[in-house]
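Residue numbers (this note's numbering): 664 to 842.
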């Protein structure tokens with residue numbers, strides 16, 4: 664059991680599990696609203712990343728475990744990528760509010776309000792191409808994770824009937840989400 668794991672305003676624990684057995688969690692300072700990313704290996708050894716305390720959220724490991732994406736709640740909220748071996752942080756988004764990054768192969772999918780409501784966009788992790796909208800919102804869709812093969816995106820959407828609907832979206836061009 665990990666102590667000091669930061670939680671979101673809704674109570675969701677802020678952590679990620681790598682396919683190789685490591686855990687990254689955000690150790691929170693609730694008074695300051697800031698956290699520090701901490702890696703835990705398979706043997707339970709922990710080591711804080713050499714990053715300053717900030718308002719990190721939704722960490723996600725790249726499939727091979729070599730990098731981590733984060734949202735950082737600055738003004739505006741933005742998506743960042745931390746290369747574990749090099750120790751570098753690269754900002755991926757600059758315009759508008761961008762939140763909830765998840766990996767889809769070499770790309771990140773995230774919610775952005777650049778066109779009004781928070782639509783879902785896809786952008787290469789190296790920033791080499793502009794973000795492309797993959798889903799125009801009917802409300803507020805929040806990406807959660809992709810399938811192991813990167814072809815499906817799990818997301819959730821608030822619903823007046825059920826509180827939250829969980830949907831799957833094929834990442835093939837033109838696909839519509841299904842529940």
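Quick reminder that beta carbons are idealized off the backbone N, C-alpha and C, glycines included.
What separation, rounded to the nearest whole angstrom, lies between the Cα atoms of residue i and residue j?
i	j	result
residue 702	residue 712	7 Å
residue 774	residue 666	30 Å
residue 827	residue 674	15 Å
residue 788	residue 798	19 Å
residue 803	residue 738	20 Å
residue 830	residue 792	27 Å
residue 781	residue 820	11 Å
residue 796	residue 809	16 Å
residue 734	residue 684	22 Å
residue 790	residue 825	37 Å
residue 779	residue 718	24 Å
residue 731	residue 764	10 Å
residue 768	residue 679	17 Å
residue 714	residue 696	15 Å
residue 750	residue 744	10 Å
For residue i, I'd like the list of residues in its chain whose CB is within less than 8 Å of its CB, leaving aside the five on either flank, ordered along the chain.
i	result
residue 729	746, 747, 748
residue 670	676, 677, 691
Leaving out the 5 sequence neighbours to the left and right, which residues in its chain are closer than 7 Å to residue i when beta-carbon positions are compared?
i	result
residue 681	724, 728
residue 833	814, 815
residue 766	723, 725, 726, 732, 809
residue 777	758, 759
From the DSSP secondary-structure annotation, give me the bridge partner or partners of residue i.
i	result
residue 691	698
residue 773	784
residue 676	670
residue 710	702
residue 682	Per DSSP, none; premise fails for residue 682.
residue 795	785
residue 767	770
Tell me which residues share the same chain as residue i and place their Cβ nearer than 6 Å to its Cβ, disregarding the 5 neighbours each side in the sequence.
i	result
residue 756	741, 742
| field | Contained beta strand (DSSP E) runs [length at least 3] in the stretch 799–840, N- to C-terminal order | value | The DSSP assignment places complete beta strand (DSSP E) segments of no fewer than 3 residues inside the stretch 799–840 at 805–809, 815–822, 826–833, in order along the chain.
| Quick one: complete beta strand (DSSP E) runs, 3+ long, within the stretch 713–753? | List check, beta strand (DSSP E) in window: 719–724, 730–735, 741–746.
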